[in-house]
Amino acid sequence: MLTYHLRMAFKSLRRTPILSALMIGAIGLGIGVSTTFVTGHYVLSLDPIPHKSSVLHYVEIDSWDPNRPWNDSEPDKPPIQITYRDMVGLMRSDIPTYQGGSFKASLYIHPDPKIGRPYKVDARMCFGDFFRLFDVPFEYGGGWDERSDRGPEPVVVLDQKTNQKLFGAQNSVGNLVRIEDRDFKVVGVLKPWRPLPKFYDTHNGAFDEPESVYLPFEFVRFFMVRSAGNTSCWKSVDWDDFLAYLDSECIWIQFWVQLDTPAQKQAYNDFLKSYVDQQKAIGRMQRPMNNRLLSVMEWLEDQEVVPEEATSLAIISILFLVICALNLIGILLGKFFARAPEVSVRRAMGASRASVFLQHLIECEVIALLGAALGILLAMLGLEAVNRLFKGMSDFHLDGNMLAVSVLMALVAGLISGFYPAWRICSIAPAVYLREQ
Amino acid sequence: MEIGPIIRALGRSKTRFVLITIEVALTLAVVVNCVNMMAKMRRDMDRPTGIDEGNIITVVSHPFSPDFKEEAYLDNARKADVELLRSLPGVRAAEAISAIPLSGSGSSSGYKPLGSTAHTLPTGFFYTGQGALDALGVRLIAGRNFVLSDINESESKNVIVTKAFADKLFPDGKALGKQIQGRTPDNPHTIVGILEHMHGSWPGWPFVNHVTLVPGKPGSFNWGVRYLIRTQPGQIDAVFRLIEPEMLKLNNGRNVTAATLADIKADTFDAQLNIITLLGAVIVLLIFVTSLGIVGITSFSVTERTHHIGTRRAVGARKLDILRYFMMENWIVTSAGIAFGVVLTYALNFLLVNFVSGEKMDWRLLAAGILGMWIVGQLAAFFPALRGARISPATATRSV
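Just so you know, the protein sequences line up as chains A and B, in that order. Numbering (this note's numbering) for the first sequence: 1 to 437. Numbering (this note's numbering) for the second sequence: 1 to 400.
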């Protein structure tokens, strides 16, 4: 029966090619626009590290001004970074599977003069656990161990582009790279790695590229380098005295822990509590106890990394599809009614109302599916345009989920716009039209 | 024109009536909300910054030579740079500054009147020298510029603030000469000058017009040293070409990156501009689809009523009467759609403002949208209506 209905549907579409093209075009345009923007929103809200996002936790403790919350408009939230001294304190815990603070610095690489002048790169000052926390993929070599962290030993991990530039994409493990005023031994080279968003540090550009080089955190003391991200201080500090800065109440470090089991998480919560209590005892952290452990998705939600405009555009694009579907209703009504005499004959010959209804609904769904095919093509073009427009801010593309959503949207649009016309045509009184013939 | 018969006729084809009404309503709501968002972004971009944007070049000097780690060396290098930049032909003013306004990167701080127990008020914050006012092209409306002794003091005492910030600090309007403090009363500052208007580093920041200029020696080895160069009108390209080679000739222990302030500002607003483009594309497509819908439904309605039209023509209606009939019908239906659309517009606006982001609807935009919808409706209905008017009484009565 279904094949019969399908055959009838195609026959009917072929009979009025212009009208069919219009209908497929209408639904296709609607699907194209809505798929583009819904996909845009979807890609921006994707989980950047799905296999671990629930066990990775961003650590927040309230070390801010006793007289004023971190954020006046959301006074119950602790500050979003931590101080150096608190990082040192938190690193003493042995509860997390992996842990570490890190920050972005801007450092000079001094390449072989044959390659070029010294140039600035974004560097991540971090602990060896950084690569294990975030499953950073290596092309050659690997990260460094705790001894290198403690030393600190002059080791460096290069990203793929830097290795390309300095060593022509060769395996450079064991080679030396001059960064600022000393030589660092390459221990690892990353595969292309672009977590979207850059969840481990969303400050100043949640969709920026990851840093080019990775160095042991403690070199911060030798370079006397400050964060190239955000630094916030509530207490004045002598900006020229670097050690005073490290010891200050300025926050500039992002701290992540991996807690694999609920027991671990509980234990870590207890640890944070006792740590803050200790600090309170020595006169720091005079605000109410307010520790937060945010999973990756909670953290991204909290940071509102999905631009509001993306949400607005997604809502608007769905309304666009609705308008296209309304258009379809108008055309379908016209088309079906032009066929009233034929339907009357079929009804008179014994076709049931349900069968006529089904027949027309299937025709609508055929139109919707053809429209979906067109719409998906348009969405691919649309997403390509969005990618060009935003110059690699993210990688906007369709995946299986979005293809399914787009087909589903088309089917629903087809059903909604087809239902009323199909119902109208199946409930005509055959006698009226038969008489005219 | 008889409105009664049109409305009674509409009553006989309710579906058509309802379809166009909803379509017009939704289109109005979406288009007006999109334009409202675009207008808000555009306004943000076009707000006067108080700065002579079109004639300013910004330079970042990133030292790598370890010499720059010595404070005295850095100071001398800065002085030499400023001198060089001022001496270039076509340069009107040049000064070192701790951050580039409108660039999206900089520092902020908080101040309140000395002794006040209130919270501090936020302000953008720049270390700079005497030449800053001229290099920015900002206008001093009260007090004085920095003098050499201001710059050379180890603890900066005297500051210049924008009028917007001064009025927030001292609502009585008498900020000049008053002292302000940060969180604690040690190291208070005195307001020695008030700027008419200036924007700070972050154009989207609600306090972008709160700016405090602090006399000092901006820059460090790691952060680099930044300069603003204001050129004579029409000289910006010529000066731009000179900057990098001349500065490297002066000191090769660093990299120099020059960019016009206009480009820096455009970069800061890049994402917004792209969103405006996308919203514009959606609006164009939407109006196109809706017009097609109105054309389609009016055509259908003309075809369906060929018989009636023929009859009317036969009993004496002129072509113009038929045309007017369909145009009037369209106007009535569009108007109903608009009435419903006004409600939808505010509903969508409420949704966007409260749950996503956005700007309260500007009623003037809505009024323009209504006018636009009427025009689009009439234009879309015109051609099918004309076809209806051309139906000759003879053909019409002959068949069907």
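For each residue, glycine too, the CB sits at the ideal point set by N, CA and C.
Under 9 Å by beta carbon: chain A residues contacting Arg183 (chain B): On the second sequence, position 183 is the one that residue 183 (chain B) refers to. Here the neighbours are Asp65, Asn67, Arg68, Trp234, Lys235, Ser236.
Apply the 10 Å Cβ neighbour rule to Tyr4 (chain A) and answer buried if 16 or more other Cβ atoms are within range, or exposed otherwise. Along the first sequence, read from residue 1 onward, the residue named residue 4 (chain A) stands at position 4. So Tyr4 (chain A) counts as exposed.
Once you ignore the five residues that flank Arg86 (chain B) on each side, which residues in its own chain have a CB closer than 6 Å to its CB? Start at 1 with the first residue of the second sequence, and residue 86 (chain B) comes out as number 86. Ala94.
Drop a sphere of 10 angstroms on the beta-carbon of Ser12 (chain A), count the other beta-carbons inside from all chains shown, and report buried for 16 or more, exposed for fewer. Translated into the one-based positions of the first sequence, residue 12 (chain A) becomes position 12. With 16 or more Cβ atoms within 10 Å of its Cβ, Ser12 (chain A) is classed as buried.
For Gly200 (chain B), go through chain A and note every residue whose CB falls closer than 9 Å to its CB, in chain order. Here residue 200 (chain B) is taken as the residue at index 200 of the second sequence, counted from 1. In chain order: nothing, as chain A lies at least about 16 Å away.
Tell me, please, whether the segment 135-144 of chain B touches the segment 38-58 of chain B by the rule of three or more beta-carbon pairs shorter than 8 Å. The segment 135-144 of chain B, when compared against the segment 38-58 of chain B, does touch it at the 8 Å Cβ threshold.
Who pairs with Arg92 (chain A) in a beta bridge, going by DSSP? Looking up residue 92 (chain A) in the first sequence gives position 92. Under DSSP, no beta-bridge partner is assigned to Arg92 (chain A).
Are the CB atoms of Phe396 (chain A) and Thr39 (chain A) nearer to each other than 8 Å? Taking the first residue of the first sequence as 1, we reach residue 396 (chain A) at position 396. Taking the first residue of the first sequence as 1, we reach residue 39 (chain A) at position 39. With contacts defined by Cβ atoms closer than 8 Å, Phe396 (chain A) and Thr39 (chain A) form a contacting pair.
Please name the residue in A:Ser20, A:Phe217, A:Val155, A:Leu90 whose C-alpha comes closest to that of Tyr141 (chain A). For the purposes of this step, residue 141 (chain A) is taken as residue 141 along the first sequence, with counting starting at 1. The identity of residue 141 (chain A) in the sequence shown is Gly, whereas the question assumes Tyr. Checking every option, the nearest Cα to that of Gly141 (chain A) belongs to A:Val155.
For Glu196 (chain B), go through chain A and note every residue whose CB falls closer than 8 Å to its CB, in chain order. In the second sequence, residue 196 (chain B) corresponds to position 196, counting from 1. Here the premise fails: no neighbours, minimum Cβ distance about 28 Å.
Assign Gln266 (chain A) to one of two classes, buried (16 or more other C-beta atoms within 10 Å of its C-beta) or exposed (fewer than that). What you label residue 266 (chain A) is simply residue 266 of the first sequence in a count that begins at 1. So Gln266 (chain A) counts as exposed.
Using beta carbons (cut-off 8 Å, strictly below), is Gly41 (chain A) in contact with chain B? Here residue 41 (chain A) is taken as the residue at index 41 of the first sequence, counted from 1. Sequence check: residue 41 (chain A) is His here, not Gly. It does not: the Cβ of His41 (chain A) has no partner Cβ on chain B nearer than 8 Å.
Measure from the alpha carbon of Asn387 (chain A) to the alpha carbon of each residue in B:Asn274, B:Leu320, B:Ile375, then state which is nearest. Counting from one through the first sequence, the residue named residue 387 (chain A) turns up at place 387. For the residues B:Asn274, B:Leu320, B:Ile375, the minimum Cα distance to Asn387 (chain A) belongs to B:Asn274.
Quick one: is Pro66 (chain B) near chain A, going by C-beta distance under 8 Å? In the second sequence, counting from the first residue as 1, residue 66 (chain B) sits at position 66. Yes, Pro66 (chain B) lies at the interface with chain A (some Cβ there is under 8 Å from its Cβ).
If the cut-off is 7 Å on Cβ atoms, which residues from the segment 278-311 of chain A count as contacting chain B, listed in chain order? Glu308, Glu309, Thr311
Measuring alpha carbon to alpha carbon, tell me which residue in B:Gln232, B:Ile338, B:Ala389, B:Leu102 is nearest Arg313 (chain B). For this step, residue 313 (chain B) is matched to residue 313 along the second sequence. Of B:Gln232, B:Ile338, B:Ala389, B:Leu102, the residue nearest in Cα terms is B:Ala389.
Please decide whether Asn36 (chain B) counts as near chain A, where near means a Cβ-Cβ distance under 8 Å. Taking the first residue of the second sequence as 1, we reach residue 36 (chain B) at position 36. No, Asn36 (chain B) does not count as interfacial toward chain A.
Just the Cα atoms here: how many angstroms apart are Glu60 (chain A) and Glu153 (chain A)? Sequence index remark: in the first sequence, residue 60 (chain A) carries index 60 (1-based). Sequence index remark: in the first sequence, residue 153 (chain A) carries index 153 (1-based). Those two C-alpha atoms are separated by around 29 Å.
Just curious, the alpha helix (DSSP H) that Gly90 (chain B) is in, first and last residue? The residue you call residue 90 (chain B) lines up with position 90 of the second sequence. Counting along the chain, Gly90 (chain B) falls outside any alpha helix (DSSP H), and DSSP gives it neither H nor E.
Return the CA-CA distance between Leu386 (chain B) and Ser301 (chain B), expressed in angstroms with no decimal places. As a position in the second sequence, residue 386 (chain B) is number 386, starting the count at 1. As a position in the second sequence, residue 301 (chain B) is number 301, starting the count at 1. Roughly 13 Å between the two C-alpha positions.
For Ala435 (chain B), count neighbouring Cβ atoms within 10 angstroms of its own Cβ and tell me buried if that reaches 16, exposed if not. What is shown of chain B runs 1 to 400, which leaves residue 435 (chain B) out entirely.
Would Gln437 (chain A) count as contacting chain B if we go by Cβ distances under 8 Å? Residue 437 (chain A) sits at position 437 when you count from the first residue of the first sequence. Confidence at Gln437 (chain A) is low in this model, with a pLDDT of 49, below 50, so its placement is unreliable and no value can be given for it.
Within the same chain, show all residues whose beta-carbon is closer than 7 Å to that of Glu146 (chain A), passing over the 5 residues directly before and after it, in chain order. Along the first sequence, one-based indexing puts residue 146 (chain A) at 146. If we look at Glu146 (chain A) and ignore the five residues flanking it on each side, its Cβ neighbours are Gly128.
Exposure label - His51 (chain A); buried when at least 16 CB within 10 Å: Counting from 1 along the first sequence, the entry for residue 51 (chain A) is found at position 51. Its Cβ having fewer than 16 others within 10 Å, His51 (chain A) is exposed.
For the segment 199-210 of chain B against the segment 99-117 of chain B, do three or more pairs of beta-carbon atoms, one drawn from each stretch, fall closer than 8 Å, so that the two count as touching? yes
Beta-carbon proximity list for His62 (chain B), same chain, < 7 Å, skipping 5 on both sides: Reading the second sequence from its first residue, position 62 is the one you call residue 62 (chain B). Excluding sequence neighbours, His62 (chain B) sits near Gly224, Arg254, Asn255.
Give the DSSP bridge partners of Tyr58 (chain A), in chain order. Stepping through the first sequence from its first residue, residue 58 (chain A) is reached at position 58. In DSSP, Tyr58 (chain A) forms a bridge with A:Trp256, A:Leu294.
Residues of its chain near Leu434 (chain A), where Cβ-Cβ distance is below 8 Å and the 5 sequence neighbours each way are ignored: For this step, residue 434 (chain A) is matched to residue 434 along the first sequence. Cβ neighbours of Leu434 (chain A) beyond the five flanking positions: Pro341, Ser344, Val345, Ala348.
Within the same chain, show all residues whose beta-carbon is closer than 6 Å to that of Asn158 (chain B), passing over the 5 residues directly before and after it, in chain order. As a first step, residue 158 (chain B) must be located in the second sequence, where it is residue number 158. Closer than 6 Å at the Cβ level, and outside the excluded window around Asn158 (chain B), lie Asp150, Thr190, Val192.
How would you label Arg124 (chain A), buried or exposed, when you count the other beta carbons within 10 angstroms and need 16 or more for buried? Here residue 124 (chain A) refers to the residue found at position 124 of the first sequence. Classification of Arg124 (chain A): buried, given that the 10 Å Cβ count is 16 or more.
If we count the other Cβ atoms within 10 Å of its Cβ and call it buried at 16 or more, is Val59 (chain B) buried or exposed? Against the second sequence, residue 59 (chain B) aligns to sequence position 59. So Val59 (chain B) counts as buried.
Please decide whether Asn387 (chain A) counts as near chain B, where near means a Cβ-Cβ distance under 8 Å. Within the first sequence, numbered from 1, the residue matching residue 387 (chain A) stands at position 387. Not one chain B Cβ lies under 8 Å of Asn387 (chain A).
Proximal residues of chain B, C-beta to C-beta of Pro113 (chain A) below 8 Å: Indexing the first sequence from 1 puts residue 113 (chain A) at position 113. Under the 8 Å cutoff, chain B gives no residues; its nearest Cβ is about 12 Å from Pro113 (chain A).
Ile375 (chain B), buried or exposed, once every other Cβ within 10 Å from all chains shown has been counted against 16: The sequence position of residue 375 (chain B) within the second sequence is 375, counting from 1. Ile375 (chain B) should be labelled exposed.
Members of the segment 280-294 of chain B that neighbour chain A once the beta carbon cut-off is set at 8 Å: Val282, Leu285, Leu286, Val289, Thr290, Leu292, Gly293
DSSP-derived helix/strand/coil call for Leu272 (chain A): The residue you call residue 272 (chain A) lines up with position 272 of the first sequence. Note: Leu272 (chain A) maps to helix in three-state DSSP.
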